[in-house]
Structure formats: C-alpha cells, structure tokens
Amino acid sequence: MFRPLPDSPEGPTVTVFVEGQPVVARDGETAASVLLRHLGTARITPVSESPRAPFCMMGCCFDCLAEIDGKGSTQSCLVPVREGMTIARQMGARKVVA
Amino acid sequence: MMIFDVAIIGAGPAGMQAACDLRRRDLSVVVLDEQPAPGGQIWRGVERNCQPGSHLAQGLGAEYRQGADVARSFRASGADYRPLSRVWQIEESSKEAMAQGWQVFVTRESQAEVIEARRILLANGAQERPVPFPGWTRPGVLTVGAAQILLKSGGLLPEGPVWICGAGPLPLLYAHQLRKLGGQIAGFLDTAPRDTLRRGLPHLNGALRDWKSLAKGLGWQAGMRLSGLRRETGVTQLRAEGGDRLERIRWQTPEGEKSATAGVLLIHEGLVPSVHPTLSLQCEHAWSDAQQSLRPVLDPWGETTRSGLFVAGDAAGIDGAKAALAKGALAAIGIARSLGVLSDARARHARVAGDRALSKARAARPLLDSLYPAPEGKIGDDTIVCRCEELTAGQIRAAARRGAADPDRVKAETRAGMGPCQGRQCGYTIARLIAEAHDMPRADVGFHNIRPPLKPVTLGELASLGKTKA
Amino acid sequence: MAQPDYIVIGAGTVGVSLAYGLQKRGQAVCVVDGGARDFRAARANFGLVWVQGKGGNLPAYARWTAESAALWPGFRDALEQCSGIGVDYQKPGGLAFSLSEQALRDRRAVLEVIGGGALPEGVEMLDRDALQARLPDAPLGPDVAGASYGASDGHVNPLKLLAALQQGVLQLGGEILWDWPVQTLRTTDHGYELTGPDGAKLRAANVIVAAGLATSGIVAPLGIDSPLRPQRGQLLVTERMAPMLPMPCSGLRQTADGTVMIGATHEDVGLDTGTTQASATILAERALRILPALGGARIVRQWSGLRVLSPDGGPLYTQPESYPGLWTVSCHSGVTLAAVHAERLAEQILAGALTGDTRHFSEDRFHVPTPA
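Set out below in structure tokens:
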C-alpha cells in the first residue's frame, strides 16, 4: 500500500516489533505508518469485527487504534516509533488484564 | 504550581507565531502539541525533512521549507514547548477578572497532569471534511492529508493503482509533490462541479490580490495536464469496493458509470475547523455557508464568547497557513492586551500590519470556496456515516424522522457520535441528514453536545490526578 | 388529533411511560415536549432497574419499586413488540459493593431495616470470595469486602427505553409534539388549556404534568406547590470492552454494547449541568478500588444529569383537590418505575384516584398541618 521513497532512508532508523516480527522503521515515522505498510490494517472493530486501517493520520478518526507497548486503544498515528517498541493490531473490544 | 500567562494548544503556524510574539513581550508561554515536533500538519516533520540537500524537502516545495524558519524561531523563543501532549479537557478555574484562570488537563507519556494558565489560545487547526461514501471504511482508503502526512513523517509513497478523488488545493498539491518525488498515480477523479468559470468569475478579481497563490495552483493543474495523467471531471457517486481490502473503485460522471482496479484511494473534500474544544466549552459558533462548517464566533482580537479563551489559525476558519501566521500574531496582540501588558491604543496600532497580512492571505479564499464547495450528493441508506459505531445513513435518517430535529436526540437514540472520535467523523453528516429529514436549513440544526474528554483518557490517568493532589 | 383525552407535558421517561400506558388503555394522548436545551434527566440516566436498598424511609416506595421490577419483563416484551425497538433489558440480579468490612456490616443493617428485621426476599450478603465467584472475569481490588446481591435487580439501556416508549406512543396512535415548550397552563370550563410556542393552544379534560424539574414552575401559577429540587449526578463511560461484568452493580455497569458506565456523584449545585474533572477523578478512583484492572480502559465520555428529587426522595403523584383531572407526576426513578407507571399508575389515573400504596406518594405528605 505504501513504500519508502527510493532514495530513503534519510536519517536514522529503529527496529520495532509488529506482532512479534522485527520491522525497520524510519525515525520520525509513526506506529500507524508502520502498521499500514507492514500489515495494511490497524484494528478489528468491536462492533462488526471488520478490519480498519489508519484513515486520517492526524488523530481525529480513531481507526488506527492499536496496542502499543501493551497499551490498548492507543491512537497509533500519534505515536512516533522508538527502538524496541511493540505494535499489535487491536482485535475487537478491549479486554481487561489483571 | 507554576501558572503560565498563556497556554497555547497546537504548534502549527498560528501556535508557533503566537508563542514567539508573546515571548517577545516577556509573557510565560506553554505550548502543548500532539505531534513529536513543531510544524502542525502543514509543516509536519519540517525540521527533520529540511536537512541540506534533502530530496524530500525539494519535492515538498518552497512553502513547506519556509516552515523551517518559523520552527527555528519558535524553538528559540523560550516558550515551554511540550510535544506529544494530548489535551483531554479544559476547564475554567476562576472567572474573576484579575485572577481569571484555566486548567488544561494533559496526558504525556501516559502521565496525566494539570497545567494552569491565565489565558488559553486554541491553535488546534483543522481536519479534513468527512464525506461518507460506500466503502470509505475499507482499508486502502485514506484521506489525501493522511497520505501527505505519511510522506512528510515517514517518506512513504502510495503504491498499487493509486487514485486520488476529491477537490481542492490539497489534492492538486499532493499530486504535484508525488510527481516530483517519483510516485505513480493511476488517475485523478475531480469532484468539483464542472461550471468552474461561472462559479469562480465573481471572485476572481479579489483573488488576484494573491496572484502568487493563484499562479501556483494553475501551475499544479498545468503540470497534471502535461504529465498525461488520467483525469476525470464531474465525478460523483464514488464507491470503494472489495473484501477486507480495497480492490476496485466505481464512479459516475455525466458520461456514465466507470470503474477501475485500485490499491489505494485517497480522498479529500476540503477542510473544516477543529471546533471540538470550543464546542465543549460552549462558546458560541456561527455557521459558514461558504465553507459548510462551524467556526467559533470571535471578536477582532481572536477572543471567543468566553472571556480569556482565544482561537487562531484554521481552527477559527479555513484560510491556510499564511493566514494562520497572521491570525497567530493578532491573537498574541489580543492576549497581551487582555493581560494588561499592552494598552488598547498600542494594541490597535500593533495590529495594523497583521490585519493587512491577514486580508491579503485571505484574498483567494472566496474563489477557492466557490470552486470547491462541499459535496451535496445524496448519501445512500447503506453507507456508513458513524465510523466508530458503524451506523448507516439509513439508521440515522430513521431516527431523525422519528422526532425533533435535535442532534442530541439522534445521538442518544442511535449512539451516533458516542464512539471514541466524539463525532469528529459523523457530526456534520448527521446534522445534514437531520436538516434533510426536517426540510430545514443546515445552519439551524446545530451540532450535538461535545462532552469531555476531548480525547479518550484512561481511568488510571484520571485517578492519578487525585493522588497527586492529596 | 381531535381534542385528546389526555395531554402529557414532558416526553421524558416518566411522561411517555404514562402516555404509553394510557394509550394502551384506549385513551387518546397528546404528549408535548420541551426545547432541545431542557434538562432532560431521561437522557442522563444510568440504566438500573433497581430494587435493593430502596425505600428505607418509605416502605410503600419499597413495595412499589418491587412491583415494578416484577412487572418489567412483561412490560419489556410488550413494549419491544409494539415499538420494534429493543431496549437491552436484563434481570441477572445486581450487586452493591462494600469497600470495608464495616461498610459490609452497615449495608446488611440497612437492608434488614427495609426487610423488617431480616434481609428482604431475594437479597443476600456475599463475602469477598462469594462475590469474586460471581464475577469471574473481573478481578476485585483489595479493598472490596463483599457486596449485597439483589435478585430482583436488573438493567436496561435507558436511551433505547426512552426511544421505544416514544415510538410506542406513536405506534398506538398517540401524538408527540416536539419542541412545544408549555408557556401557560390554565383551567377552562371543561378542563385545561395549554399555551405553547407562537400562541398555539391545546385543550383537554385531563393533563398530566411530568416535566421533571420544570413541573413546579408549570403548576405554580395555579397555586400548586410541587416541592422538587435538583441534584447533579456526573457519570463516565468507557470504550467498548469485552464482557466482564455479568450483572449491574451500584455505580458500575457494563452495557449490552460493552461500554462500562461509572456513576454517579451526588452534588447540590442548583441547575448547573456542567461536568468537572474533579468529579471524574473521584469516580475513577472509586471504580479502580473495585476493579483495578479497569485502569487501562479509556473513558470516552463524561456527562451529568439533574436528579428530580422530592424532599424524602420518593415519587410525587398528586391530583390537587381543586383541580380534578390535573396530575403532577415526578420521581427520581423513572426507569425502574417505568413498568409500574405504564401499568398500575396509568390505570389509577384513568380511574381518577390513587389507591393502595400510591396514596402515600401524594405531595400531601409534605403538607401535614403543624399543631398550633
């Protein structure tokens, strides 16, 4: 769906883990952007359990809600990648964890 | 606890300009912004991207690169800049004129905190106008703004057959940027009405005051023609089809129905001011027919109907980045005046240059508004309107017909607007469907009540504020 | 509609429950509703159909509440069928948590007073382990000592209930005039006349004023005292969560949609319907003492409503002696009492007089002449 500019990367990169898989991300990229190019979706909706992907990328659609470093319902488009970050799609309704 | 003179929400053009100007008057300023770096959406990633010799910065254009200078001044201004800060509530802590103050509730790095300030400037920008069509929730469909953000923040280009559909300066600019950076576009579906000349002519004369912008826009259009890109005009009834991914798009033109395979569909139908904070604070708003959106009612200093609360930039009405700089400068003067560090007479004198800049920056806006009106096409009953609660136009229409023309009643009956986005995606469409069901002017319907929090906040974050106080 | 048999002022839960009950009994009812910015307690409700612990100072209220809870399943079936709108009603019993051993003992004492010396029928006290066994997906916080369980308690989506009742009234041939705030109410030779927006008039032999906090103002010009006061309650609601609470709890309830509602404060702030972060924090702290695992759940909305309270907290049903056919009906518990309002109270109003327990709910109880 999206690919890096041919002569990129410019600047440093980090490694994040998308559902367990290491993925190289450009510094400055957001978790949503990584989800988009790696999995193509960010979540399964709690209402009809249909897939959604980041839509607005600026914090106002909430379709990029994902689990970032274990924290559910995080707006992944507002989270810049960090070395070692774990990113996972949010599958349906949140579950409480004791 | 430190009480700032001013808390600015948003570090785009308006917020940065206001912060610089207020600091120059020695006022203490805190700037809260959701992004990791200054620039807002228009200049997103400008510091990182504008390294010497950057191919990306060249492709993004001269106006983008100008943001680097503003960001540099902002960094040097001495404002307490707090990036990655999610503002989730604003409350007035004291209404007494001398002690007037506000509390801004913020989460940063999962830590909630309260910031106190005597004045608030909302410079929180705009969002793209949501226009529902069948399949707009399907992965593979994004806004043009989203794609441009992916370009600015990750250096990403769309791939697969890429289609752009919509109207306005942004799709033209983005197509232009993609061309320069080696991106591929399968086609451009123009939804603007075809009678451009008739619509535009009455506003052309005024717009010539900003002939540079006009020339640039014409240049983008000419570039598109020269590139041989497939372009369709008079496009309506867009559909995004497929299973769990976008596979095909379908549209109508006056010549008939057409379709094409698609991997990415980028849509854009203009911008609307981000009014959730001012709506939640129950400021008065006015309906703009030209921009088909609400905007807070402001006095000439940028102050809302709530004393001590100011708005600048596109959050006050869509006028673009140059106007946002001017509005930020004017709001800074207004705030300095309201804090008593600038007399009324000096403030009036100080604003002359800002007024002139704003007027010039707005010169082309009536032309743009008339060329790219909000789409009026009928929304099919099966089309999802509320993306969070997955409610269709048919469900909203049924509720709208069942009782009073009151968006809060429709919200209560259907849950439309009760999801995490708080109606940012569905609010205007719901109001439009209510207006349609009751055959009344859109301006008379209003908007549903916006409740706190402005952004979802965890129970843990809420509770933590109790412990720190105890 | 030609002149209706009844005009009901107020299309909130109380008003439309009565209108629905009267319309079902063959009466032609016209309901008039206020403006968009009215207080509208019906839209701020927590959604409990709640029996346990109610009526400590008013035994008739305890019985009336229990009767309504018993009527609720049948009322729901008929309403859903009539309106075509599901209201998400369930009666799994309900829990009231105690956050210390002392609080648990106090809770038992309160319930035993209501039960006349023993726990009321259907009520049991659960210690911490017994409670945890009933909430297997909701790990309890260390402060939770136990809870009282009431088998008659249940919950409903109050917004869907309101929509279903309104739709039910329409479906049965009744009429609802939206955005028709009443300007004046006066007597005529054959009953009553209402003046609404732009001088519009409505007449009927019978009028029920069920306008919540606005009731007092509407009947005051007739010399009728309806002693109501507002009490603000603030509430929070989370995003949709996987099922974790199998039954409603006092101050904590998971809806059919999965959202968890957290309520509610009790504030005497007049007619202020605002919300405060301070109250949100108090509600969050209490919820996390009960269910710490909710700490990561996101609150998507906070709102407030104004409870409609009589001096003793019980319902107010009055037909003033000098105004036959004019009723004032108001209460705090319009959702719990919706069934008994639609069935029993509508019947009594139709018969022209309160009978049995409801005689205790006349506002005459606040006008006992003081001996000289």
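Residue numbers (this note's numbering), protein chains in the order written: chain D, 6 to 103; chain P, 2 to 471; chain Y, 17 to 388. From the three backbone atoms N, C-alpha and C, an ideal C-beta is built for every residue, glycine too.
Neighbour list for residue i in chain P, Cβ cutoff strictly below 7 Å
i	result
Gln318 of chain Y	Arg452, Pro453, Pro454
Gly311 of chain Y	Thr459, Leu460, Gly461
Cys22 of chain D	For the record, residue 22 of chain D in the displayed sequence is Phe; it is not Cys. Neighbours of Phe22 of chain D on chain P: none; closest Cβ ~17 Å, over 7 Å.
Gly16 of chain D	Arg49
Close Cβ partners of residue i (< 7 Å) along its chain, the five nearest in sequence each way excluded
i	result
Thr469 of chain P	The predicted model places Thr469 of chain P with a pLDDT of 49, which falls under 50 and marks its position as unreliable, so this point remains unresolved.
Gly162 of chain Y	Ser114, Leu120, Met141, Leu142, Asp143, Arg144, Leu147
His204 of chain P	Pro367, Leu368, Ser371
Ala98 of chain D	Pro51
Arg210 of chain P	Lys361, Ala364
Phe7 of chain D	Leu41, Arg42
Neighbourhood of residue i by C-beta distance below 8 Å, restricted to the same chain and skipping five residues each side
i	result
Ala471 of chain P	With a pLDDT of 41 at Ala471 of chain P, under the threshold of 50, the predicted position of this residue should be treated as unreliable, though the coordinate-derived value follows. Within the same chain, Ala471 of chain P has no close Cβ partners at all.
Ala154 of chain Y	Met260, Leu261, Leu307, Ala309
Under 8 Å by beta carbon: chain P residues contacting residue i
i	result
Thr91 of chain D	Neighbours of Thr91 of chain D on chain P: none; closest Cβ ~15 Å, over 8 Å.
Thr291 of chain Y	Arg452, Pro453
Same chain, Cβ closer than 6 Å to residue i, neighbours up to 5 away in sequence not counted
i	result
Ala324 of chain P	Leu359, Ala362, Arg363
Ala388 of chain Y	Note on Ala388 of chain Y: pLDDT 49, under 50, position unreliable in the model; the coordinate value appears next. Cβ neighbours of Ala388 of chain Y beyond the five flanking positions: none.
Val71 of chain P	Met17
Arg302 of chain Y	none
Gly26 of chain Y	Ala226, Ala227
Thr237 of chain P	Gln253, Gly378
Glu379 of chain Y	Leu332, Thr334
Trp88 of chain Y	Val65, Ala355
The alpha helix (DSSP H) enclosing residue i, as first and last residue numbers
i	result
Ala208 of chain P	197-208
Val185 of chain Y	174-187
Residue i CB to nearest heavy atom of the ligand GDP below 7 Å
i	result
Gly126 of chain P	This structure lacks the ligand GDP, and indeed carries no ligand of any kind.
Under 8 Å by beta carbon: chain Y residues contacting residue i
i	result
Val39 of chain D	The contacting residues do not exist; Val39 of chain D stays about 22 Å from chain Y at best.
Ala413 of chain P	Arg59, Leu175, Leu178, Ala179
Beta bridge counterpart(s) of residue i as assigned by DSSP
i	result
Asp143 of chain Y	Y:Gly162
Ser260 of chain P	P:Arg251
Arg180 of chain P	None, per the DSSP bridge assignment.
His286 of chain P	P:Pro297
Trp302 of chain P	Paired residue(s): none; Trp302 of chain P is not in a bridge.
Asp81 of chain P	P:Val31
Gly321 of chain Y	Y:Gly249
Ser86 of chain P	P:Arg109
Residues that residue i contacts on chain D, provided the C-beta gap is smaller than 9 Å
i	result
Gln396 of chain P	In chain order: nothing, as chain D lies at least about 12 Å away.
Ala258 of chain Y	Pro51, Gly97, Ala98, Arg99, Lys100, Val101
Asp245 of chain P	Gly45, Thr46, Ser55, Pro56
Contact set between residue i and chain D, taken where Cβ atoms lie within less than 7 Å
i	result
Pro457 of chain P	Ser78
Ile150 of chain P	Met62, Met63
Thr144 of chain P	Phe60, Cys61
Arg314 of chain Y	Ser78
N-terminal and C-terminal residue of the beta strand (DSSP E) that residue i is part of
i	result
Asn50 of chain P	Taken as a continuous stretch (DSSP letters only), Asn50 of chain P belongs to no beta strand (DSSP E), being part of the alpha helix (DSSP H) at 47-50.
Thr192 of chain P	Careful: Thr192 of chain P lies outside any beta strand (DSSP E) and carries neither H nor E.
Pro408 of chain P	That residue, Pro408 of chain P, is in no beta strand (DSSP E); its alpha helix (DSSP H) goes 408-415.
Gln80 of chain D	76-80
Glu270 of chain P	265-270
Contacts that residue i makes with chain P (C-beta to C-beta distance below 9 Å)
i	result
Asp49 of chain Y	Gly404, Ala405
Pro9 of chain D	Gly155, Gly156, Leu157, Leu158
Glu34 of chain D	Leu151, Ser154, Gly155, Gly156, Leu157
Partner residues on chain D for residue i, Cβ-Cβ distance less than 8 Å
i	result
Gly267 of chain Y	Per Cβ cutoff of 8 Å: no residues; Gly267 of chain Y is ~17 Å from chain D at best.
Cross-chain neighbours of residue i in chain Y, by beta carbon under 7 Å
i	result
Ala464 of chain P	Thr297, Ala300, Glu301, Leu304
Residues within the region 126-140 of chain P neighbouring chain D, beta-carbon criterion of under 7 Å: Gln128, Glu129, Thr138, Pro140
Name, going along the chain, the residues of the region 420-433 of chain P whose beta-carbon falls closer than 8 Å to a beta-carbon of chain D. Gly420, Pro421, Cys422, Arg425, Gln426
When Cβ atoms are compared, which residues of the region 39-51 of chain P fall closer than 9 Å to chain D? Gln42, Arg45, Gly46, Arg49, Asn50
Which residues, in order along the region 71-88 of chain P, keep a beta-carbon less than 7 Å from a beta-carbon of chain Y? none
Got a sec: which bits of the region 294-310 of chain P sit with their beta carbon under 9 Å from any beta carbon on chain B, in order along the chain? No chain B is part of this structure, whose protein chains are labelled D, P and Y.
What residues in the region 191-203 of chain Y have a beta carbon less than 7 Å from any beta carbon of chain D? none
Please list the residues of the region 99-118 of chain P that have a C-beta atom closer than 9 Å to any C-beta atom in chain Y, keeping them in chain order. Gln104, Phe106, Val115
Could you please tell me which residues of the region 274-287 of chain P, in chain order, have their CB closer than 7 Å to any CB of chain Y? none
Positions along the region 355-382 of chain P whose CB lies within less than 7 Å of some CB in chain Y: none
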